[in-house]
Structure formats: C-alpha cells, structure tokens
Amino acid sequence: MTTTNNKIKTIEKLSTLREASGKDGKTIVMAGGVFDLFHYGHLRHLQAAKSEGDVLVVAVTADAHAGKAPEPVLK
C-alpha cells in the first residue's frame, strides 16, 4: 500500500524534484484547487493535468485563501 509520507513535498523538495525531472527529460505539470469535498470533477481535473506531462504536482489551496464559509457546507 502506498502511503502519503513520500508524496507530500516541501518547497525545497520540489526544487530537487524539478532538477531531477529535468535531467531525466520529464515534464512537470501542476494543478491546484480546493479539495475539501473531493468529487469526480476533481478527479477529472487531475487526470487531465497528469495527461499533459510525466510528473503531476498538486497545490492544495489553504482554507484561509479559499474564501470558505465558517461552517462546512455538508455535515
């Protein structure tokens, strides 16, 4: 089973990933969003982004920057 421990990167690690990918001739693509209630549309967005390159970097927007309501939409 794959864990997320090796998937979450700091900004410093992303720099290393970029350098290594460039040496390997890989293309890095990035997608971002608010993924609180992950749904099929999110999956399609990420699949489409991944199809554009070899390595997908996903930026998750923090709640403080997402213009979120104080309470969850669904409980």
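So the mapping is simple: our numbering equals the position in the sequence shown, first residue as 1, plus 54.
A virtual CB, placed ideally from N, CA and C, is assigned to each residue, including glycine.
As the structure is a computational prediction, the values presented were derived from the model and not from experiment.
Cβ shell of residue i (< 7 Å), same chain only, five flanking positions each side left out
i, result
"LYS80", "ASP108 and VAL109"
"ALA120", "VAL88"
Proximal residues to residue i (C-beta, below 8 Å), its chain only, five neighbours per side dropped
i, result
"VAL114", "GLY86, GLY87, VAL88 and PHE89"
Which residues DSSP lists as bridging residue i, in chain order
i, result
"GLY87", "VAL114"
"ILE82", "VAL109"
7 Å Cβ cutoff met for residue i and residue j
i, j, result
"GLU106", "VAL83", "yes"
6 Å CB neighbourhood of residue i in its chain, flanking five on each side removed
i, result
"LYS104", "LEU110"
"GLY95", "none"
Proximity test, Cβ basis, 7 Å: residue i and chain D
i, result
"LYS77", "Of the chains in the structure shown, none is chain D; there is only one protein chain."
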